[in-house]
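Worksheet: the structure to be examined is printed underneath.
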Amino acid sequence: MSAANSATRGLTQRTLLLLWSALAMLLACGQAGAQTAALDLAHFLPATSRAQATSPADSPAAGFANARVAVNPAAAGATPVGERMCIACHQLESDHFTHTFHALGLHAASKTDASIPVCETCHGAGSLHAQDPTSQGLIIGFTKTSGTPIAVQTATCLACHEGGPRDHWSGSVHQRNQLSCSDCHNPMAKFSGEGLLARSSINDTCAQCHKDVLVQFHRRSHMPLPEGQMSCVDCHNPHGSTTSPLLKTNTVNETCYQCHAEKRGPFLFEHAPVRENCLNCHTPHGSNQHALLVTPLPFLCQQCHSSTRHPNDLQTPQSLISGAHPDERLIGRACITCHANIHGSNAPSGPRFHE
Amino acid sequence: MKNSMLAAAFSLVGLGLLACPWARADSDTFMDLRSIPALQGDPAAGKAGSATCAACHMQNGISVVGLFPNLAGQHAEYLYWRMRTIQQEARADSPMTALLADLDDAELRNFSAWYASLPPADHSDSANGAAAHASEGARIWNEGDATRGIPPCQGCHGRNAEGHPLAAKAIRWRLVPVLRGQHADFVIQRLKAYRDGSHTLTSSARMMNGAAANLDDASIEALAQWIESGDSM
Amino acid sequence: MHRQSGHRVLLAPLGGLLLLAGNIAHADSGIGVDMWRGNVLDPRGGADSRPLDPRGTSWLSPRQRRSPSGNLYLCPAASPEQTKLGEWLFSGSLDIGFVGVSGDEDNALWNRYADWEDGFILGLLQLEFLRPRDGSYASLRASRISDDDAYFDAMFGRAGSYKVHAFLRELPNALSDSVRSIWNGVGSNHLTLVDPLQAGASTSGQVGAASRAAIERQISVNRSKQGLGFSIYLDPRWSAHADVSNEQRKGARPFGGAMFFNFPFPDNGGILETLRPVDDATVNLNTGLRYAGSKWRLDFAYSGSFYRDRYTRFDYEMPYALSPVIPGAVSAPLQRGQFATEPDNDYHNIKAAITRKLGNAGEFSLTASLGRMSQDDSLIAPIDCQGVFGIGLGGSLQLGPQNPFLFDCSQWNSNAALPRTRADMRIDTSLVDGRIVLHPLESLSVRAGLRFNREDYRGSWLAFNPLNGAYGYVSENGAQGSVVPGEVGFWYPGAGASNLTRIRNLPLDLQTTEATLGADWRISEGNSIGADLVVNRFEPGNREREQVDFRRISLNWTNRALDWLTLRAKLSHLRQSGDRYNYDPYEFTFSSSLPGFVEPEGGVPAHTVDALRKFDLASRDEDKFSLIATIALGDDMTLGASLNGMRNDYDASLGRQSYDTHGGTVQWDWQPNPRFMASAYFGRDFSTLELANVNDQALDPDPSLGGPTYPLDAVWSDRDRQRNAYAGASFKASLKRVAWDGNWTWVNARGSNNYAFASPSALAYFSDGSSVPGNAFPDTRYRVNAISMGLRVPLGERLSLRVFDTWARGRFEDWHYAGMDETRVIEHRVYTDGGPRGYRNNLLGMLLQVRL
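Chains as they are written, first to last, in the working numbering: chain B, 1 to 355; chain Y, 356 to 588; chain G, 589 to 1440.
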């Protein structure tokens, strides 16, 4: 198995060399590019009603320099108190927060400009809470007993994180089910390698509610999620998407083709259910059949095929190798032993996927 | 063969470790008081044995010397854990160390229950009014000082320094002492100790380390005066 | 043959493109794959490598808080020990050590996505550099279990400004450990028979002996991926991103080979389970520009994907000789079969999305996308043979009018036999999606959406051979026509004028139009209900129905009113219907549509039975429900439960008739203090799929169920039931400075297949009707029991030792492979893959963890 890898490794080395040199060049350009900040593009924008709050592109933590105190409708008269007062009571929370990505950016920005809030960027102005911390809602909290409505919680995060993957959050299934950003994310400490999640990995985060889907990955055939090589978010966008199952591409098939591009074709001779939807034959989260099939061969094919000659006969265990009359239509790969190019064939002699 | 021997050795080590209690916090350094149980003590027994205490803290728990704190009406849990901390710290320079050294747990509980049952000092004639309210101490108490990072003490100690508003609901809030009318000298000594990092043994002390971190001597003085005045907002 | 340099050439202009783009983005939750890097040793990628902070989360409260849905947050890890290096803060750790596996080391189920090799492993290398002054950072994470199972992940950037991300990932995938191959050249595109087998001249006994003599081995397909990406804020509102990845797959997998039937023709045909090579590369490119302002949001994106296969075809030697059904005749000596591999293809997609915020937190968004999937790979010849193919009457293999069923290979074995030499196939896609969300009241939200998606299939193929004027193709590598006269696969005037065969490709246009309408009413902060209506019209081209509609109504309810319970429930009902079902829309693709076609005696046999409904287009009713509950048990325990069910009833007397699933899980999670946490789960799920079909009894044009071709007494049905149980538990404890963890995983899956038939005419073998006991296949079983324990002992300030052991047992039974341990060769059938096997393994490992 390892013997055949030298060609791959050689290719890997060459690709790496190319990529790393591109990276080195890009880094040089990237730094220059950031400084010349293409603000000219702003002229092509539709007019906005927010004052253009730009900051010099080379200031520390450029994006974080736009941090503003969050708006808390339940604490209308509150004034900002600054990070030091928050830390006075919440030292341990601050200790953990300091090692997160938000802290890196907010601290760098607030060192340059003391008016840039840190804690209050997400939690809102803290004066009323500091005076009466047992009243719920005077500070924007993201936990179950915080007293802050879910809509305020999500609006606070979206004040910076709107757009991009979260473009379709409003109206998405997670939003409609009253989920808050803090159901899946916890930026107060680094629990996961990336993504500031509430659990140590993407899969564990989704499993808080969707354990019934995660357990399916323990079936006989499955994609490598439990092995840590893949995550739910490779196929799904939990923040909302234009498709009903929250796919990251336009259709089911395009999602699958990202890793299984060989199935894209189009082939000279198509197999209609394949072109239409991979899920006609496969179940993506795990299956007791081989190759994530919905039901065993030959019955999978016999759901649709009843042409004369050989596909529609009912086989019994006597057609197995151990039976009285072994029959190739049942043994091993069954139908696809002969119809092997079942996803479509590019051979002129392949209308029946024999070639 | 080698693998299974290693596996056996490893499981023996594991089982041995399993025998050790794992959930108890280390008792010779840090005391985590965030999940304390409610205090059970006998006030009558506490009263019976409190003659020594009364020498400084008075029979009614309201002392006359500034450095000896009032104990009357203080939360029982606060008193108990404060005494446990003193025993643990065993500081040579504290007069309480020798006095508490020989007391056992039951006695500590009884004393705490006894002093908690005593009525606190009467503040009806305290300096309520514009002057008191406008003092620096009152300002820090009510609003803190954002420019220096000083939180408003009222957040935990209550609007009128009567203790945490949720003390009746959750036991851990009874570790926040009632401060109304407490002697200024004592308060100053304690605040400086928290600020300077000489009291770090308990989780409550860690809280106060942070809360007092940005206080300067003048603010401590002002706060202590306001607390002693027994002013209410 | 396409050289692999194709994609390397592609990378050069891509590199240039990246230089122009200037900034790089990594795959994010909105676009691209490669979201996670981990391995079997540590699926969480190092997140659990630091001990928990014994101080907890806050001095103000003893336990963790709960998320708004009621799940406990985790105890945070202890802060990393950081070293100052000038302006930078550095922290890092290195885990290196050894593992040893004993037991069924080569087992494919055990090695499914891991490649354990006894010896040295790099458990984890983590480095992190931070510069607080301006928020710059750089981090690296790597792990290596073996050459084929490793990853490397690095990123650097500046917080709020830009980020560059690169990774390498080797992912193994063992497919089988029980392969016995009678061919040499596995992994290449040319399979030759092992000695002493001769192509076209070996007997079943010789082939069986060669199969038994073959050494059983493991085959796998390994993926090797490199990725580079970046993202940057051009200004506070505009950001750009791009990422490129290159993935190579290499290995072999069980496949097939068709040299005609064996079951009706004793000592004939060839059913050959060959091993096909996998040697390809895919380059994926995602890039885009985003704008997020206070009123507008824009998103422009381009996605490209380029698949290049090393081989265009692969061929294999056929061991057996064929013999025709005509007495006294002889079959042509066919020696090889072939397959076309997947064609090199290109994919381009551009997308533009614009969103405008409306008053009261409303939003309107419009997305438009255009794409193209195309391939123009070179086509292989219709047959791979030399000399002649077909049947030689009277024992003569001389071409001529006396041998009407014998054909000249030279007229079919090159691409001169094709109307064109390249495929030239393309699908153009277009998508428009508009949606609007409004809040007429603060507690009421109303949403509507309209979506139109079209795939235009552009590519037509008429199989015409310019060398001899025939239409069609050569069936099964020439074998079919070498056994049965008139079944060679192509139509030609004269003797072949009645041959029924495929002559055209099937263009599959797809068009979907969907409208949605929904409303959500937040009755109170703790209770909200919602309803949705989806109306969808699916219009496929050249399928049994021109128009398939479904309507789905769903109701959902979220209850968070009780402080210890969060409940989310959903109920939906779908009804699918369509226009008239035409059981045979494919006539235009067959030779019967040719002007010179002569109807055979007895007529053209029915294409299929008219009562069968293909389930993707069938009328059906679907009901679904799902319930997710999170229950807080005290301050430190959570119970999660979910329940779901689906019932699908198809309006079909033949074909899939129903598909029902239901299941539930319970999970428990306990975190009393930072020194101990435990969790456990249990789940069960069930599915039942029922289908019916009918065995044909005559080659008759009558397609009706109940007619001579498909009589009612030949109807049969099958029920496939899956019953699965899953359980697991894990704990983590720390005693002073020693940390102990354990994990248990258990799976018990059972599949059973029961059938029923109206009479033995339904069976493949009539005699089974009276002699086969019971009406079921043996159950398929898959059971795994795995337990891991680990211990971490500190050896010093910076050093600790982790010892871990995993014991796993897997048991597997699948009737498809019954009997393969005894023999893989039965008459003219050759099976290579003996199927997955159970295993009993123990993995012992020791890692030295160094804090850098």
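Cβ atoms here follow ideal geometry from the backbone N, Cα and C, with glycine treated the same way.
Determine whether the Cβ of residue i lies closer than 8 Å to any Cβ atom of chain G.
| i | result |
| --- | --- |
| G126 (chain B) | no |
| S449 (chain Y) | no |
| E93 (chain B) | yes |
| M386 (chain Y) | no |
| P392 (chain Y) | no |
| S553 (chain Y) | no |
| D212 (chain B) | yes |
Who are the neighbours of residue i on chain Y, taking C-beta pairs under 8 Å?
| i | result |
| --- | --- |
| W698 (chain G) | Ordered by position in chain Y, no residue passes the 8 Å Cβ test against W698 (chain G), which lies about 16 Å from the chain. |
For a test of the three-state rule: what should DSSP assign to residue i, helix, strand or coil?
| i | result |
| --- | --- |
| W647 (chain G) | coil |
| D397 (chain Y) | coil |
| V871 (chain G) | strand |
| E262 (chain B) | helix |
| S55 (chain B) | Bear in mind that a pLDDT of 41 at S55 (chain B), under 50, signals an unreliable position, so the number given afterwards is only what the model happens to contain. Looking at S55 (chain B) - three-state DSSP - the assignment turns out to be coil, as it is neither helix nor strand. |
| E462 (chain Y) | helix |
| S882 (chain G) | coil |
| G1339 (chain G) | strand |
| A291 (chain B) | helix |
| S94 (chain B) | helix |
Can you tell me where the beta strand (DSSP E) holding residue i begins and where it ends?
| i | result |
| --- | --- |
| E194 (chain B) | Counting along the chain, E194 (chain B) falls outside any beta strand (DSSP E), and DSSP gives it neither H nor E. |
| I1117 (chain G) | N1115 to P1128 |
| A567 (chain Y) | Note, A567 (chain Y): premise wrong, no beta strand (DSSP E); alpha helix (DSSP H) at S558 to A567. |
| K939 (chain G) | N933 to L946 |
| Q963 (chain G) | G950 to Q963 |
| P245 (chain B) | P245 (chain B) -> no beta strand (DSSP E), and no H or E assigned at all. |
In chain Y, which residues lie with their C-beta within 9 Å of the C-beta of residue i?
| i | result |
| --- | --- |
| R68 (chain B) | Per Cβ cutoff of 9 Å: no residues; R68 (chain B) is ~17 Å from chain Y at best. |
Does residue i get closer than 8 Å to chain Y when you measure Cβ to Cβ?
| i | result |
| --- | --- |
| W704 (chain G) | no |
| W1256 (chain G) | no |
| G594 (chain G) | In this prediction, G594 (chain G) has a pLDDT of 41, which is less than 50 and means its spatial position is unreliable; nothing more can be read from the coordinates. |
So residue i is in the alpha helix (DSSP H); what residue range does that whole segment cover?
| i | result |
| --- | --- |
| R439 (chain Y) | A431 to E444 |
| D1356 (chain G) | D1356 to S1359 |
| I582 (chain Y) | D572 to S584 |
| E1075 (chain G) | E1075 (chain G) -> no alpha helix (DSSP H), and no H or E assigned at all. |
Residue i CB to nearest chain C CB: under 8 Å?
| i | result |
| --- | --- |
| M85 (chain B) | Checking the listed chains, one finds no chain C in this structure; the protein chains it contains are B, Y and G. |
So with CB distances below 7 Å, who are the chain G contacts of residue i?
| i | result |
| --- | --- |
| S307 (chain B) | H1195 and T1196 |
For residue i, which residues in chain G fall below 9 Å Cβ to Cβ?
| i | result |
| --- | --- |
| A272 (chain B) | L1094, L1096, P1128, N1130, R1131, K1202 and D1204 |
When the cut-off is 8 Å and only beta carbons count, does residue i lie next to chain B?
| i | result |
| --- | --- |
| I505 (chain Y) | yes |
| A378 (chain Y) | Confidence at A378 (chain Y) is low in this model, with a pLDDT of 39, below 50, so its placement is unreliable and no value can be given for it. |
| A548 (chain Y) | no |
Determine the chain Y residues that contact residue i at a beta-carbon separation under 7 Å, and present them in chain order.
| i | result |
| --- | --- |
| S649 (chain G) | R389 |
So which residues on chain B does residue i lean against when the C-beta distance must stay under 7 Å?
| i | result |
| --- | --- |
| R1042 (chain G) | The premise fails here: R1042 (chain G) is roughly 11 Å from chain B at the closest Cβ pair, so nothing lies under 7 Å. |
| L1351 (chain G) | D313, L314 and T316 |
| P520 (chain Y) | T134 |
Using the beta-carbon of each residue, which ones in chain G are nearer than 8 Å to residue i?
| i | result |
| --- | --- |
| R527 (chain Y) | S649 and P650 |
Starting from residue i, find everything on chain B with Cβ-Cβ shorter than 8 Å and list it in chain order.
| i | result |
| --- | --- |
| E583 (chain Y) | Within 8 Å Cβ-Cβ: nothing; E583 (chain Y) doesn't reach chain B, min ~22 Å. |
Original post:
Touch check for the region 393-404 of chain Y and the region 451-469 of chain Y: three-plus C-beta pairs under 8 Å?
Top reply: yes
Original post:
Any chance the region 229-242 of chain B sits against the region 899-919 of chain G, with 3 or more Cβ pairs inside 8 Å?
Top reply: Segments in contact, no.
Subject >> Three CB pairs or more closer than 8 Å across the region 1217-1234 of chain G and the region 1179-1192 of chain G >> reply: no
Original post:
Quick one: any contact between the region 263-277 of chain B and the region 929-938 of chain G, if contact means 3 or more CB pairs under 8 Å?
Top reply: yes
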